[in-house]
Amino acid sequence: MIIEKGKQFNSKILLFGEYTLMEGSKALSIPYYKFHGQLQFEKRGKKSAHYSVQYLKEYLNFLNQNNFEKFIDIANFRDDLSDGLIFETNIPISYGLGSSGAIVASIYDSYANSKSNNYKELKHLFASMESFYHGKSSGLDPLVSYTNKTILVHSDENIKSLSLPSSNKGGTIFILDTLNSGETQPLVNWFLKEMNNYYFSEQIRDVLTPLNDEIISHLIAGSLVPNMKLLKSLSQFTYDRLHKMIPEKIKGIWESGLSSDSYYLKLCGSGGGGMMLGVTTNYDEVKNILKNYNLHMVMHF
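In structure tokens, the structure reads:
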């Protein structure tokens, strides 16, 4: 008999701000309700053989070894693991949809010694808690999952929730399944290493960051459709400068989108596999063009 330990926490989609968020740019992330995860007891009073148990044990050790007892009731967490605790989820792992963020949000919600409503405090703590999975984390994924709200990050000091304007202006954001997972930490490590290269870091700070920030501003203002050229520039920059994050087997359709202007692809999270994000002003046409791929509509703009 399944017993719920805590509530469900949704996956997320980082619309804009991947990688540049670590360098101080804006970032905009939304809850994605198609996927979710939840702490449960599979059989109360009996250790479970569920696949998640080993991951939870490793995470418990991480919390214990890194002095999180000030924030997390580690003893209670340990007792529940011995009592059959599991994490049941349909969020694809290493897919850029925030599977680790949902785990962090669930652990915090169930075991926090005291809960904060301050986004800055939460993001800072979540960044530390999620570093177990990625080496370096912004903390944004768990924050979106925990609050279940669209979150706009201006800076570490300026974080707020908002509602995006509903629109029928013809724009659509969708995700495309590459059918391959992508490991976040090696790509983050590569990016951080490349930032030591002057030319690369200059391109990120002087080209990608302002481009990313301008796109976010237009999306929030409801004026992105007339400015699709910005999304093309973002897609082209990613193809030229962050090619390591694009799976080889979709580089062809990435190029086709840029040459036809039917759609533009970008990273969904760290890239390397999993989901890719797409934007278009003719989703019906794109569904036909990319009929050999699994597409999921995310939102209209």
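Per the numbering used here, residue 431 is the first one in the sequence shown, and the count goes up by one each step. Just so you know, even glycine gets a beta-carbon here, dropped at the ideal spot from N, CA and C. These numbers were taken from a predicted model, which means no experiment stands behind them.
An exposed status is given to Gln495, since fewer than 16 other beta-carbon atoms sit within 10 Å of its beta-carbon. For Ser441, the enclosing beta strand (DSSP E) covers residues Phe439 to Phe446. Annotation: Leu552 to Asn718 spans about 42 Å, alpha carbon to alpha carbon. In this structure, Ile502 keeps its C-beta atom at 8 Å or more from the C-beta atom of Asn547. Per DSSP, the unbroken beta strand (DSSP E) holding Pro461 starts and ends at Ala457 to Phe471. Taking the C-beta atoms as reference points, Glu518 is found no nearer than 8 Å to Leu697. Distance check between Asn497 and each of Leu555, His480, Tyr563 and Asp509 places Leu555 closest, using alpha-carbon atoms only.
Runs of the alpha helix (DSSP H) lying entirely within the stretch 655-682 and spanning at least 4 residues, in chain order: 658-671.
Assignment of beta-bridge partners to His648 by DSSP yields no partner. Here the alpha carbons of Val637 and Lys456 stand approximately 14 Å from one another. Lys487 carries a helical assignment under DSSP once its states are collapsed to helix, strand and coil. Taking Leu469 as reference, the option from Asn598, Lys500, Leu444 and Gly514 with the minimal CA-CA separation is Gly514. For the pair Val709 and Gly601, the CB atoms are nearer than the 8 Å cut-off. The alpha-carbon of Glu644 is positioned some 16 Å away from that of Pro595. Two segments are said to touch when three or more pairs of C-beta atoms, one from each, lie closer than 8 Å; by this definition the stretch 566-581 does not touch the stretch 661-680. Separation of Ala557 and Lys442 (C-alpha to C-alpha, rounded to the nearest whole angstrom) is 15 Å. Between His648 and Leu641, the C-beta gap is not smaller than 8 Å, which leaves the two residues out of contact. Three or more pairs of CB atoms, one per stretch, sit closer than 8 Å, so the stretch 598-616 contacts the stretch 698-707. Taken in chain order, the whole beta strand (DSSP E) runs of length 3 or more contained in the stretch 571-605 are 580-585 and 588-592. For Asp607, the secondary structure class from DSSP, reduced to helix, strand or coil, is strand.
Here the C-alpha atom of Thr668 lies approximately 23 Å from the C-alpha atom of Ile523. With a threshold of 16 other beta carbon atoms within 10 Å, Glu488 falls short and is exposed. Inter-residue distance for Asn712 and Lys599 is about 11 Å (C-alpha atoms, whole angstroms). Shown here for Ser529: same chain residues with a beta carbon closer than 6 Å to its own, the five before and five after excluded, namely Ile521 and Ile523 in chain order.
By the neighbour-count definition (other C-beta atoms within 10 Å, threshold 16), Asp571 is a buried residue. Counting C-beta atoms within 10 angstroms of its own C-beta, Gly701 has 16 or more neighbours from the protein chains shown and is therefore classed as buried. Rounded to the nearest whole angstrom, the C-alpha separation of Met729 and Pro461 is 11 Å.
Closest in C-alpha terms to Asn722, from the list Lys679, Leu688 and Ser689, comes Lys679. Between Ser575 and Ala535 a beta carbon distance of about 4 Å is seen, short of the 8 Å cut, so the two are scored as contacting.
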